[in-house]
Every structure is written in C-alpha cells, then in structure tokens.
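The sequence shown begins at 35 in the working numbering and counts up one residue at a time. Read the structure below first, then the notes.
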Amino acid sequence: MQKNIEEKASIPIKHGTIIVGKWNKNQYTIIRKIGSGMIGTVYLCRMHNNRLVALKISKQAMSLTTEVNVLKSLNKVQDNRLGPFLIDVDDWERQTGKSYSFYVMEYINGIRMETFIRRNGAEWIGVFIIQMLEQLEGLHQSGWVFGDLKNDNLLITESPTKVRFIDVGGTTKMGRSIKEYSEFYDRAYWHLGTREAEPSYDLFALVMVILAIYYPRHFKRSNHSKQLILKRIAVVRDLQLYEHCLQKAILGQYKLASEMKADLLQTMWKRHKKENKKRAAKGNYVIQAVIISSLSGVYYLVSSLFF
Numbered sequence: 035m036q037k038n039i040e041e042k043a044s045i046p047i048k049h050g051t052i053i054v055g056k057w058n059k060n061q062y063t064i065i066r067k068i069g070s071g072m073i074g075t076v077y078l079c080r081m082h083n084n085r086l087v088a089l090k091i092s093k094q095a096m097s098l099t100t101e102v103n104v105l106k107s108l109n110k111v112q113d114n115r116l117g118p119f120l121i122d123v124d125d126w127e128r129q130t131g132k133s134y135s136f137y138v139m140e141y142i143n144g145i146r147m148e149t150f151i152r153r154n155g156a157e158w159i160g161v162f163i164i165q166m167l168e169q170l171e172g173l174h175q176s177g178w179v180f181g182d183l184k185n186d187n188l189l190i191t192e193s194p195t196k197v198r199f200i201d202v203g204g205t206t207k208m209g210r211s212i213k214e215y216s217e218f219y220d221r222a223y224w225h226l227g228t229r230e231a232e233p234s235y236d237l238f239a240l241v242m243v244i245l246a247i248y249y250p251r252h253f254k255r256s257n258h259s260k261q262l263i264l265k266r267i268a269v270v271r272d273l274q275l276y277e278h279c280l281q282k283a284i285l286g287q288y289k290l291a292s293e294m295k296a297d298l299l300q301t302m303w304k305r306h307k308k309e310n311k312k313r314a315a316k317g318n319y320v321i322q323a324v325i326i327s328s329l330s331g332v333y334y335l336v337s338s339l340f341f
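Rendered as structure tokens:
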C-alpha cells in the first residue's frame with residue numbers, strides 16, 4: 035500500500051532537464067534521482083555556480099509547504115544542524131502545462147550508517163546513538179517529532195563524523211498523529227504504542243534503526259512482538275553495553291530523549307571506568323618497574339653530583 039502511494043506521488047524527470055523557478059528564476063539541472071516518498075521525489079541537481087543541491091518536487095503543495103516550515107524551524111535551532119539547510123522555494127511549470135511545487139536544500143554527501151559501521155567498527159554505535167538523541171532532543175524542544183525515523187533518512191558525513199537527518203517529510207507537530215511512517219520502525223505496527231507524535235515515538239524508532247544494521251532484511255511482527263524485539267536486541271553482541279537502554283526505549287520507559295541520553299552516558303561511563311581499572315591492574319607491574327627505574331636514575335644523578 036505504502037509503495038503504491040509513493041509511486042503515485044513520484045514525479046519522473048529526465049537527466050539533464052533544467053528546472054527554472056517560476057518566481058525566483060533560479061535554474062537547477064537534474065543529475066539523478068536520489069529517492070522518493072509519500073509526498074514527492076528528491077533529485078540531485080546542479081546550480082548555475084556548479085553547487086550540488088537536493089531538490090524535492092511534489093504534486094502536494096500544502097504538504098510541501100509544511101516541510102518547508104519544518105526546515106525553517108529546524109534551521110533556527112542554534113548550534114544544532116537538525117536537517118538540511120533550506121536554499122530556495124518555488125514552483126515549476128512543465129511544457130505540458132502541469133505545475134509543481136518544489137524546494138531546494140543542502141545536498142548532504144555521506145554514507146549509510148550500516149556501511150560506516152561495517153567499515154569502521156561497532157564502537158561507533160554508541161557515538162551515533164548519542165548524536166541522534168542530541169538532535170532529537172533539539173527537535174522535540176522545538177515542538178516537532180521526526181516521525182519517519184529510519185535508516186533511509188540518515189547519512190553519516192565525515193570531517194567531522196556525524197549523523198545527519200536528510201528527509202523531514204514525516205516530521206509532525208507534537209501531539210498530532212504521525213503523518214508518515216515505515217512499518218518496521220513504527221511502534222503501532224508492533225502493537226507497542228500509538229502513532230501520537232511524542233518523543234517516545236522517535237526513541238522507539240531510533241532503536242529499530244540500530245537493529246536494522248544487524249537485521250538488514252528486518253523481521254516480521256508476531257503475537258509476541260515485545261518479546262521478539264527484546265530478544266533480537268539481547269542476542270546482538272555489539273549491543274550488549276546498550277541493551278538495557280535500548281530495551282527501555284522499546285518499552286516506552288523514556289519520556290524524553292534527554293533521559294535516554296543521560297542513562298546511556300552513565301552506562302558508557304561505568305564501562306569506561308571498569309575497563310580503566312582492568313588496565314590499571316594489568317599495568318601495575320609495568321608502572322612499578324618504570325617508577326623504580328626512574329628513581330634509580332635520579333639516585334645515580336644525585337650521587338654523581340654530590341659524592
């Protein structure tokens with residue numbers, strides 16, 4: 035059903051087509067399709083100054099206006115790049131006479147989270163969870179819930195290494211009904227909550243984002259969905275450190291992203307201290323040898339000067 039809706043919303047445009055804004059007259063040359071969703075299609079484009087940008091075009095002017103307002107709101111959040119930077123908003127009239135609305139945003143060049151983890155190691159999992167929680171915290175404080183949080187809507191950029199949200203199409207005002215979602219990441223699909231736009235909805239989806247790294251083909255719900263998800267978390271060795279926090283998020287026991295972040299940081303800090311103690315215990319003999327060696331050197335130097 036969702037696929038059929040996306041196909042109906044899709045607007046095919048050939049490579050090399052030049053889109054000229056009706057009002058602002060800016061020109062964008064289509065390079066390739068990036069993706070499509072329930073609201074419209076996103077294309078990689080080149081501006082007149084060779085800058086690469088992402089252009090989202092839609093048949094649904096009102097829905098697109100909502101996304102634009104979300105981007106404007108997110109861009110106002112200081113010290114936190116929650117979404118792509120908004121560049122232009124306009125309409126485009128095709129030669130056929132059909133008119134479409136579009137907006138242009140920053141093109142975020144990155145790689146998928148699962149690809150990054152595979153290349154660089156599972157120790158990045160905790161870093162990315164914290165980064166996502168920080169960004170969600172800022173988003174929630176602005177009165178919005180991301181809604182359609184999934185791996186397809188996230189990219190990892192480098193210099194610095196950071197998680198970026200790339201599609202705000204599902205972002206919903208707090209308290210309303212989630213307008214766009216994907217089943218695997220949707221707690222209502224698993225019968226583990228409602229589709230009310232609240233922070234805990236995003237936190238559930240965040241856990242499913244992490245699980246999707248280890249279960250790329252996903253898994254189906256059952257009559258015991260809660261136990262199924264909790265078990266899927268528990269059996270992944272890379273997630274053992276975060277297991278308690280991830281399970282609490284699935285069960286809806288965090289009301290705010292800040293609560294989950296604090297819990298996770300405390301867990302990571304305890305592990306860090308524990309590992310440091312182990313290293314210290316193993317290194318005691320070496321440290322003692324270094325100290326004795328240093329003291330011997332000092333004694334020799336003093337002896338040669340005064341005796």
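All C-beta atoms in this analysis are idealised placements derived from N, C-alpha and C, irrespective of residue type, glycine included.
Between the stretch 47 to 65 and the stretch 121 to 141, the count of Cβ pairs shorter than 8 Å is three or higher; the stretches touch. In this structure residue 145 is exposed. Its beta-carbon is surrounded by fewer than 16 other beta-carbon atoms within 10 angstroms. The C-beta of residue 269 has fewer than 16 other C-beta atoms within 10 Å across all chains shown, which makes the residue exposed. Around the beta carbon of residue 92, 16 or more other beta carbons sit within 10 angstroms, so the residue counts as buried.
Counting only the Cα atoms, residue 202 lies some 23 Å from residue 58. Between the alpha carbons of residue 104 and residue 308 lies a gap of roughly 43 Å.
Judged by beta-carbon spacing, residue 157 lies beyond the 8 Å limit of residue 87, meaning their Cβ atoms are not closer than that value. Between the alpha carbons of residue 244 and residue 252 lies a gap of roughly 11 Å. In summary, residue 198 is buried, with 16 or more beta-carbon neighbours lying within 10 Å of its beta-carbon over all protein chains present. For residue 138, the enclosing beta strand (DSSP E) stretches over residues 133 to 140. At the C-beta level, residue 276 and residue 117 stay beyond 8 Å of one another. Here DSSP, grouped into helix, strand and coil, assigns residue 199 to strand. When C-beta atoms of the stretch 165 to 173 are compared with those of the stretch 182 to 197, three or more pairs fall below 8 Å, so the two segments count as touching. Residue range 188 to 191 is occupied by the beta strand (DSSP E) that includes residue 191. Exposed is the label assigned to residue 130, since fewer than 16 other Cβ atoms lie within 10 Å of its Cβ. In this structure, residue 77 places its C-beta atom within 8 Å of the C-beta atom of residue 47. When rounded, the separation of the alpha-carbon atoms in residue 182 and residue 82 is 33 Å. Around the CB of residue 303, fewer than 16 other CB atoms lie within 10 Å, so the residue is classed as exposed. In this structure, the CA atom of residue 255 is about 35 Å from the CA atom of residue 107.
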